[in-house]
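Peer 1: For the sequence shown, the working numbering gives the first residue as 27, with consecutive numbering after it.
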Amino acid sequence: MASLMENLMTILENEISEYENLVVLSTQKTPVIIQGDLHALQQITDEEQIVVGRIQHLERKREEVIGDIANVINKDVEELKLVNLIEMLQDRPQESGRLAGIHDELKDVVHRMERVNDQNRELIKNAMEMIEFDMTVIQSLKAAPETANYTKGAYMSGDKMGGRLNGGFDAKQ
């Protein structure tokens, strides 16, 4: 049982480390999203996928160890949580304290990651709303009614209200 607990704590500490890496990458994404640098965003996202893969691997190992611990102590694996293990280890304060510290650290890093991801999600949502607004303005300019301007030969010039759009952006304006 002691080796299973040690193995579980090592896996959880590795998970914390990987979640810390994920928080760093997510934090790096914030200014990239603000700048609209799609190349840098893609690079960070690729790095995140590698870290997520490592976290998923650690999660599978953690589930296996929890399953083994549940078998040893004859408990249902679905009901066995870290809090339960901490309580069960009360007679071994060193292991109990270490596991409680790991539990708190894991909760903290996941909370920080959620906060950064929520911030990035909001930034992306705002960027998408701005793009949608710009597209609506461009579409409305292209759909503006024609004016009744005539040339010298009495031909209608067909100018659009709002100026001419050449499909490009005039940086001089």
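Cβ coordinates follow ideal geometry from the N, Cα and C atoms, glycine included.
Source: prediction; values computed, not measured.
1) Would you report the Cα separation of Arg208 and Glu155, rounded to the nearest angstrom?
2) With Leu132 and Ile95 assumed to form a contact (beta carbons below 8 Å), what rounded beta-carbon distance in angstroms separates them?
3) Hey, would you say Val135 sits closer than 8 Å to Glu73, going by beta carbons?
4) Distance check for Thr71 and Gln116, CA to CA, integer angstroms please.
5) Along the chain, where does the alpha helix (DSSP H) containing Arg124 start, and where does it finish?
6) Taking the alpha carbon of Val50 as the point to measure from, which residue in Val77, Val163, Leu64 and Pro119 has its own alpha carbon closest?
7) Are the segment 60-67 and the segment 112-131 in contact at 8 Å, needing three or more beta carbon pairs?
8) Could you check where the alpha helix (DSSP H) with Gly62 kicks off and where it finishes?
9) Quick one: using the 10 Å Cβ neighbour count with 16 as the cut-off for buried, is Val58 buried or exposed?
10) Give me the Cα-Cα distance between Gly79 and Glu41, rounded to the nearest whole angstrom.
Peer 2: With the structure as the only source:
1) Nothing in the structure corresponds to residue 208, since the chain is present only between 27 and 199.
2) With a Cβ gap of about 17 Å, Leu132 and Ile95 do not count as contacting.
3) no
4) 42 Å
5) Pro119 to Lys168
6) Val77
7) no
8) Neither: Gly62 is in no alpha helix (DSSP H) and is coded neither H nor E.
9) buried
10) 11 Å
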